[in-house]
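There are 2 protein chains.
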Amino acid sequence: MVSLASRIQGLDSSPIRNILKVIDRPGMISLAGGLPDSHCFPDLHIDVDTQLMQYGASEGEENLRQWIANDLVARGILADANSVIILSGSQQGIDLTAKLLIEPGTPVAVESPTYLAALQVFKLFGAQLLDYDSSQFRHSDESFAPALLYTIPTFQNPTGKVYDSATRQQIARQCDAQGTVLFEDDPYRELSYEPCERKPICAMVKSAPWIYQSSFSKTLCPGLRLGYLACSASLYPYLLQLKQAADLHSNRVAQAAVYSLVNSPDYHTRLSSLCELYKNKRDRFDRLLNHYFSDIAQWDVPPGGLFFWLRLKTAHPVDTRTWLPDALAANIAFMPGESFYSDARPASGTIRLNFTYANNEDIENGIACLAQIIRKKLNACS
Amino acid sequence: MVSLASRIQGLDSSPIRNILKVIDRPGMISLAGGLPDSHCFPDLHIDVDTQLMQYGASEGEENLRQWIANDLVARGILADANSVIILSGSQQGIDLTAKLLIEPGTPVAVESPTYLAALQVFKLFGAQLLDYDSSQFRHSDESFAPALLYTIPTFQNPTGKVYDSATRQQIARQCDAQGTVLFEDDPYRELSYEPCERKPICAMVKSAPWIYQSSFSKTLCPGLRLGYLACSASLYPYLLQLKQAADLHSNRVAQAAVYSLVNSPDYHTRLSSLCELYKNKRDRFDRLLNHYFSDIAQWDVPPGGLFFWLRLKTAHPVDTRTWLPDALAANIAFMPGESFYSDARPASGTIRLNFTYANNEDIENGIACLAQIIRKKLNACS
């Protein structure tokens, strides 16, 4: 028997992986993953510069880091090209941050619910997860003293919420007061369908160390696996060494492709069109939910991002994972809510539905069919 | 003060990174990094399939995994597409393996000297490093019982050595006898300039769990950041989950480009030409070393790979790091030997020189100039 590192006990089999495995099945309608609409991907014809085929810098290409830094400054974050590290997708930023800050027992504050693959990494490194409700904790609440606070304040995953200015300030003050490292994950910020506060909390902290990350997966395409982080100067050298130890550096061809796309004259038109398409898909999804789900679930219309978060109307919370086999058998994939909670609660009575990936016809069929399955399950319980 | 995870105390600043930073300086002649000759990179014009721009499978594209599995079977390794995980460069395989198997105090056997960025990762995860000399340890030597044994048996980094069949068998038997996980790193195997044993040790183990990894960085190009691992069935699900937690999956555009290149009709011609070019560069490098270094150093001509390993002729070992500032000031970069030892010994009296990256003129000037600097340093000592 091989003796595995004890951290492996904290390694959950990811439910997303298990669902992604079946969504390629012909006929499957997926409302499960956080996938963009493939029709929005840019045309990419890459003539690769020989120079970019050689080994490169761990921090990434200078021109792309400079473009990102300019963008961050426009959002209010104190950054320059030397505060930025290009990542092989923003999932990597979670891994690097966990390596830097988390060891067994380290208190890490997470929204409840939150991004399941962040929970997975934090648990792998042995974090003691502290759930927080951003609307409830008080500034300098001494009973709440995490080493690291992870937040997705803009179109949160899975709830689709956006934090107002007061809540953002409160989180910033809390981190400042307790020296908590603020870790802000901001992949959805460009997918905004209503006017709302999107100022990064990392632009509001005064003394707390911070790590801010985002991604090109939602605005351009996920297949290139490119994201970035920026951070306080005190953390940068460590994160850069950890990046180097993780994979030396990110794909240079992808970095050049992204640099070219974000500098193309139609980049801003592309973002506007994407938001318009997704807003229309969201509104249509909401109308369909109202038609099929209004008697069995409640939800808020998300002002941005990729997800609706449904709370089922039941006397007692139900374990929505138990509905998955029937849904998959009917060729509908959804995300049970349980996986988004740090305690992997036995029954959350919630599900997450993605409204961007599937086409209009599949979305209508998927919602109708899923409502029928869930209604039947709920009737069987009552 | 931020409280960092205690593993960060084991995080060395990598000397390679510090050298790579200066080798872009105009006029710098680099004999330091393990860089291929950029003139050998393939022409790459990529028309990206929209489908490949979407999220993909954590294990990688099926067609590329199948091609790799066929190649592994031809080398004698029991593998199929479901034993393979595509990596974002083979450095990532070291990270995943360390996460799976190493916690503070885990005994990990390493060649002395060995690849410095492997040492960096093993130390980061708290390994107790046990140096081994592959020609000396006995089968079932009970005083030597590592949980993991890391080896680069074919054109070893930094020594350029290749292990004969008996040594490979001995390592395999040792792992079988003690249930040690065999971790074989094989990025240089295609760069073979003489007939020699290259059978993977992973093809020789009977019961020991094994992880075998290689890379497309040396045969195609490093900038795409693509490598792979294959492993025992018992380890696969864990490594796959760790891969997902690290970066979801590797760049799909790069995977498609590599698949197309390895299936192109001129792939084998490309490998032959590469070996011919590198063999000529090696022979010329050896002649120059004989001319400039024969009175001050000893070396073996490497039968493959990228490096010469020079042992300086001195009464007492010298710290070759102390020569670096003068060499860099003269626009010559080399790798001091100290970083390749697990104990970061204060004086190794060794240096590693790369013979593939620089052009012929730079190589001649670089060797001549470096010999002059070193001779002066040695004279100053004596």
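First to last, the protein sequences are chains W and X.
Adding 171 to a residue's 1-based position in the first sequence gives its number in the numbering used here.
Adding 171 to a residue's 1-based position in the second sequence gives its number in the numbering used here.
The beta-carbon is built from N, C-alpha and C at its ideal position, and this holds for glycine as well.
Inspect the CB distances between the segment 394 to 405 of chain X and the segment 374 to 383 of chain X and report whether three or more fall short of 8 Å.
yes
Could you name the residues of the same chain whose beta carbon sits closer than 6 Å to that of C392/W, not counting the 5 residues immediately before and after it, in chain order?
Indexing the first sequence from 1 puts residue 392/W at position 221. Contacts found: F212.
Whole alpha helix (DSSP H) runs in the segment 205 to 260 of chain W with 4 or more residues, listed along the chain?
233 to 245
On the premise that L301/X lies in contact with P317/X, defined as a C-beta separation below 8 Å, what is that separation, rounded to the nearest angstrom?
For the purposes of this step, residue 317/X is taken as the residue at position 146 of the second sequence. For the purposes of this step, residue 301/X is taken as the residue at position 130 of the second sequence. With 8 Å as the limit, P317/X and L301/X qualify as a contact, their Cβ atoms being about 6 Å apart.
Using 8 Å as the limit for Cβ to Cβ distance, is V292/W near chain X?
Translated into positions along the first sequence, residue 292/W becomes position 121. It does; some Cβ of chain X falls within 8 Å.
Report buried or exposed for P517/X, applying the criterion of at least 16 other Cβ atoms within 10 angstroms of its Cβ.
The residue labelled residue 517/X in the question sits at position 346 within the second sequence. Per the 10 Å Cβ criterion, exposed.
Assign E447/X to one of two classes, buried (16 or more other C-beta atoms within 10 Å of its C-beta) or exposed (fewer than that).
What you label residue 447/X is simply residue 276 of the second sequence in a count that begins at 1. Exposed: under 16 other Cβ atoms inside 10 Å.
Within chain X, the residues that G276/W reaches when beta carbons sit closer than 7 Å
Within the first sequence, numbered from 1, the residue matching residue 276/W stands at position 105. Ordered by position in chain X, no residue passes the 7 Å Cβ test against G276/W, which lies about 11 Å from the chain.
With respect to the beta strand (DSSP E) encompassing F478/W, which residues constitute its N-terminal and C-terminal limits?
Here residue 478/W refers to the residue found at position 307 of the first sequence. Unbroken beta strand (DSSP E) run through F478/W: F478 to L483.
Going by other Cβ atoms of all chains shown within 10 Å of its Cβ, with 16 needed for buried, is N328/X buried or exposed?
Stepping through the second sequence from its first residue, residue 328/X is reached at position 157. Flag for N328/X reads buried.
By the 10 Å Cβ neighbour count, where 16 or more other Cβ atoms means buried, how is G476/W classified, buried or exposed?
For the purposes of this step, residue 476/W is taken as the residue at position 305 of the first sequence. With 16 or more other Cβ atoms within 10 Å, it is buried.
Is E535/X helix, strand or coil when you go by DSSP?
To locate residue 535/X, count along the second sequence from 1; it is residue 364. Helix, per DSSP.
So what does DSSP say about S403/X, is it helix, strand or coil?
The residue given as residue 403/X occupies position 232 in the second sequence. If DSSP states are grouped into helix, strand and coil, S403/X belongs with coil.
For A504/X versus I190/X, is the C-beta distance shorter than 8 Å?
Stepping through the second sequence from its first residue, residue 504/X is reached at position 333. Stepping through the second sequence from its first residue, residue 190/X is reached at position 19. Contact flag set, yes.
When R458/W, S283/W and A498/W are compared against A515/W, the one with the closest alpha-carbon:
To locate residue 515/W, count along the first sequence from 1; it is residue 344. The residue with the shortest Cα to Cα distance from A515/W is S283/W.
With the cut-off set at 8 Å, would you say R396/X and S259/X are in Cβ contact?
The count along the second sequence starts at 1 and reaches residue 396/X at position 225. The count along the second sequence starts at 1 and reaches residue 259/X at position 88. Cβ distance < 8 Å, so R396/X and S259/X count as in contact.
Just list the residues that DSSP pairs A551/X with in beta bridges.
For the purposes of this step, residue 551/X is taken as the residue at position 380 of the second sequence. Its beta-bridge partners do not exist; DSSP assigns none.
Environment of Q543/W [buried if 16+ CB atoms lie within 10 Å]
To locate residue 543/W, count along the first sequence from 1; it is residue 372. Answer is exposed; the Cβ neighbour count stays below 16.
Between V255/W and E232/W, what straight-line distance do the alpha-carbon atoms span, to the nearest angstrom?
On the first sequence, residue 255/W is found 84 positions in, with the first residue counted as 1. On the first sequence, residue 232/W is found 61 positions in, with the first residue counted as 1. Cα to Cα, the separation comes out at about 10 Å.
Under 9 Å by beta carbon: chain W residues contacting Q225/X
Taking the second sequence and counting its residues from 1, one reaches residue 225/X at position 54. What Q225/X touches in chain W: L206, P207, S209, F212, C392, P393, G394 and Y528.
Nearest chain X C-beta to D418/W closer than 8 Å, yes or no?
To locate residue 418/W, count along the first sequence from 1; it is residue 247. By this cut-off, D418/W is an interface position.
Check each candidate in A425/X, R178/X, L290/X and L215/X and name the one with the smallest Cα separation from E130/X.
Outside the modelled stretch of chain X, which goes from 172 to 553, sits residue 130/X, for which no answer is possible.
Looking at C-alpha atoms only, which residue of D533/X, G227/X, A500/X and A428/X is the closest neighbour of V219/X?
If you number the second sequence from 1, residue 219/X lands on position 48. Measuring from the Cα of V219/X, the nearest candidate turns out to be A428/X.
Within chain X, partners of G260/W - CB distance below 7 Å:
Counting from 1 along the first sequence, the entry for residue 260/W is found at position 89. The answer, in chain order, is D418 and L419.
Residues of the segment 215 to 242 of chain X with a CB closer than 8 Å to any CB of chain W: list them in chain order, please.
L215, H216, I217, D218, V219, T221, Q222, L223, M224, Q225, Y226, G227, A228 and S229
By how many angstroms is the C-alpha of D490/X removed from the C-alpha of V281/X?
Along the second sequence, one-based indexing puts residue 281/X at 110. Along the second sequence, one-based indexing puts residue 490/X at 319. Approximately 22 Å between the Cα atoms of the pair.
Run of the alpha helix (DSSP H) containing D496/W, from where it starts to where it stops:
Mapped onto the first sequence, residue 496/W falls at position 325. Per the sequence shown, the amino acid found at residue 496/W is Pro instead of Asp. It spans L495 to A500 - the alpha helix (DSSP H) in which P496/W sits, taken as one unbroken run.
Do N525/X and F478/X count as a contact pair if the criterion is CB distance below 8 Å?
Position 307 of the second sequence, counted from the first residue, corresponds to residue 478/X. Position 354 of the second sequence, counted from the first residue, corresponds to residue 525/X. Result yes, Cβ atoms of F478/X and N525/X sit closer than 8 Å.
Cα-Cα separation, R546/W to L459/W:
Position 375 of the first sequence holds residue 546/W. Position 288 of the first sequence holds residue 459/W. Using only the alpha carbons, I get a separation of about 15 Å.
By the criterion of Cβ-Cβ separation under 8 Å, what are the contact partners of R178/X in chain W?
Walking along the second sequence from the start, residue 178/X turns up at place 7. What R178/X touches in chain W: K270 and E274.
Given that D266/X touches chain W, what residues does it touch there, using C-beta distances under 7 Å?
Position 95 of the second sequence, counting from 1, holds the residue named residue 266/X. Residues of chain W passing the Cβ test: A416 and A417.
Once you ignore the five residues that flank A228/X on each side, which residues in its own chain have a CB closer than 7 Å to its CB?
Within the second sequence, the letter at position 57 stands for residue 228/X. The residues are H420.
Mind the definition here: the segment 348 to 359 of chain X touches the segment 380 to 390 of chain X only if three or more C-beta pairs lie below 8 Å; say whether that holds.
yes
Would you mind sorting V292/X into buried or exposed? The rule is 16 or more other CB atoms within 10 Å of its CB.
One-based indexing of the second sequence puts residue 292/X at position 121. Buried, because 16 or more other Cβ atoms sit within 10 Å of the Cβ of V292/X.
Name, please, each residue of chain X whose Cβ falls closer than 7 Å to the Cβ of N525/W.
Counting from 1 along the first sequence, the entry for residue 525/W is found at position 354. Correct list: empty, because the minimum Cβ distance to chain X is about 12 Å.
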